[in-house]
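Residues in the sequence shown are numbered consecutively from 3, following this note's numbering.
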Amino acid sequence: MKPLLLLICGVSVAFSQSSQIVIKCGKLIDGKSERVAENFTILIEGNKIKEVGANVKAPSAATVIDLSDATVLPGLIDAHTHVLLQGDITSEDYDKQLLKESTPYRTLRAAKSCKTALMSGFTTIRDLETEGAMYADVDLKKAINNGVVEGPRMFVATRAISTTGRYGLSNSVYSWELRMPKGVQEITGADDARRAVREQVSYGADWIKIYADGSYYKTTDGIWHSIPNFSKEEITAIGEQTRMLRKKLSAHAVTRDGILYAIEAGARSIEHGSGMDDECIKVMAQKGIFWCPTIYVEVWVAEGRAREGSPAFKMMLEELPERFNKALKAGVKIAFGTDVGGFDWTENQAKEFSYMVKWGMTPLQAIKSATTVAAELLDMKGQLGEISPGAFADIVAVKDDPLKDISALERVGFVMKDGTVYKNEMK
Ligand SMILES: [Zn+2]
């Protein structure tokens, strides 16, 4: 999440990897089908799933993991995280991280956040910008991939882009004589916008993240508005350059003034979108634009920000259940994204599921949003978010039935990523 001013914006052991592992599943939700399979077996070879079914023969040399008392699911995907942020209800919470913590210290804390996500069952995250910690997300991703620290697969956005003076830390708060650190890369002009995209991609960005709007307000017709951050030329240049470099664009956009023009510039996903109107819902459904509603962070910051004099978040939260339900019924692709980091990493990011179900999703729809739908957003269909032959062996399990009680996903007891078991409390 982010600065107030402008937005609203067990024990783990990495067991050695056997070349063949067999998992016996009591119940299996594969992420794709509408039905729950019973007494299926998964055969894993190396880091990939080889076979799934009722009649899979276990090779004699295979390691057997017995999850026959559990529900087995694909590894979960959180499509909106900030591993380098540790909660920011107030601008003071945010500012002190940028002012009092060095990037190395923040990166050490982030390594812990990565481990937390993995232990909670999130085997993949799309981390949507470092909030002033430059390219530390690229290093974390590298450290995870090289086995230096434990964490999810990471898709990273590096620094994010906004325009000059439209993101914290702000000189409207601090003395104009100070040169404040910034939570984004600031640009002015289309050429500068292209340069920022080129730079970020060259340093390892998988996604480009923009802050499309800020300063939210509601007009008497009940429609939410905001101040767009970019000129038409700037946002168009970002979209074109991102496409040219074969990357994808994610847009923090809260109201129609940010959402519609970010979509026009080529955004694949809208982040937050808490103030979207019916036209936004229609356009998103028609064009197949993904929505990460980041519900739990809205819940987390609403009261505190209202007390600080910014009631917009609380007002939008009150309207969010209806909007969520409308978007769901209209067929908008809703990808699970929590904005964890905007709320403390001590809070389980899987709490998002309960709101999604309370507001209209079936438990299976909510699970799909964090598996197959999020995998589609990441262009990883068939590889992530499903338990099927050829997919990466990212697998979790829970004791209780998540289709009866979705909060079971807050108690993940087994985590495998890339064929390696990181947690098994199911024995
Ligand atoms: Zn965020």
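No residue lacks a Cβ here, since even glycine has one placed at the ideal position from N, Cα and C.
These numbers come from a predicted model, not from an experiment.
- Residue Lys117 holds the alpha-carbon nearest to the alpha-carbon of Gln351 among Thr43, Lys117 and Asp32.
- One thing to note: Asp259 has its Cβ within 8 Å of the Cβ of Ser228.
- When DSSP states are grouped into helix, strand and coil, Gly28 belongs to the strand group.
- The beta carbon of Glu273 sits closer than 7 Å to at least one heavy atom of ligand 1.
- Within 10 angstroms of the beta-carbon of Asn57 lie fewer than 16 other beta-carbons, which makes it exposed.
- With 16 or more other Cβ atoms inside 10 Å of its own Cβ, Trp226 counts as buried.
- Pro404 places its beta carbon 8 Å or farther from that of Thr132.
- Rounded to whole angstroms, Ala287 and Gly275 show a C-alpha spacing of 14 Å.
- Proximity to Met121 across Ile397, Asp407, Asp402 and Lys406 peaks at Ile397, based on C-alpha coordinates.
- Only buried fits Ser164, as 16 or more other CB atoms lie within 10 angstroms of its CB.
- Across the set Ile210, Glu324, Leu101 and Ser312, the C-alpha of Ile210 shows the shortest separation from the C-alpha of Ala269.
- Where Met382 is concerned, there is no enclosing alpha helix (DSSP H), because DSSP gives it neither an H nor an E.
- By the neighbour-count criterion, in which a residue is buried when 16 or more other Cβ atoms sit within 10 angstroms of its Cβ, Thr83 is buried.
- The segment 199-213 makes contact with the segment 152-161, as at least three CB pairs between them are under 8 Å.
- Ranked by Cα distance from Ala253, the options Tyr263, Lys144 and Phe315 are led by Tyr263.
- Between the alpha carbons of Gly277 and Thr257 lies a gap of roughly 5 Å.
- Counted as a single uninterrupted DSSP element, the stretch harbouring Gly149 is not any beta strand (DSSP E), since DSSP gives it neither H nor E.
- Apart from sequence neighbours up to five positions away, the residues of its chain that approach Tyr218 with a beta-carbon distance below 7 Å are Ile10, Trp226, Ser228, Val256, Thr257, Gly277 and Ala314, ordered along the chain.
- Nearest neighbour of Ile297 by Cα position, chosen from Met358, Ala308, Ser409 and Gly149, turns out to be Met358.
- At a cut-off of 7 Å, the beta-carbon of Asp97 does not count as near ligand 1: no heavy atom of the ligand is closer than that.
- In the displayed model, Met278 falls within coil according to three-state DSSP, outside both helix and strand.
- Counting other Cβ atoms within 10 Å of its Cβ, Val66 stays below 16 and is therefore classed as exposed.
- By the Cβ neighbour-count rule, Thr190 is exposed, with fewer than 16 other Cβ atoms within 10 Å of its own.
- For Asp215, the closest C-alpha among the options Asp341, Thr166 and Ala119 is that of Thr166.
- A Cβ-Cβ distance of about 12 Å is found for the pair Thr238 and Val199, leaving them out of contact under the 8 Å criterion.
- Taking the Cβ atoms as the reference, Ala337 lies roughly 19 Å from Ser390, outside the contact range of under 8 Å.
- Gly77 counts as buried, since at least 16 other C-beta atoms from the protein chains shown sit within 10 angstroms of its C-beta.
- For Thr109, no beta strand (DSSP E) segment is defined; the enclosing uninterrupted segment is the alpha helix (DSSP H) at Thr105 to Met121.
- Between Ala395 and Ile51, the CB-CB gap stays under 8 Å.
- For the segment 344-395, there is no continuous beta strand (DSSP E) assignment of 3+ residues that stays within its boundaries.
- Here the alpha carbon of Lys184 sits roughly 23 Å from the alpha carbon of Lys250.
- Proximity of the beta carbon of Leu130 to ligand 1 is indicated: a heavy atom of the ligand is located closer than 7 Å.
- Counting only unbroken stretches of 4 or more residues, the alpha helix (DSSP H) elements lying wholly within the segment 154-237 are 192-204, in sequence order.
- By the criterion of a C-beta distance shorter than 8 Å, Val301 is surrounded in its chain by Leu319 and Tyr357, once the five residues flanking it on both sides are discounted.
- Taking the Cβ of Asp341 as the reference point, at least one heavy atom of ligand 1 falls within a distance shorter than 7 Å.
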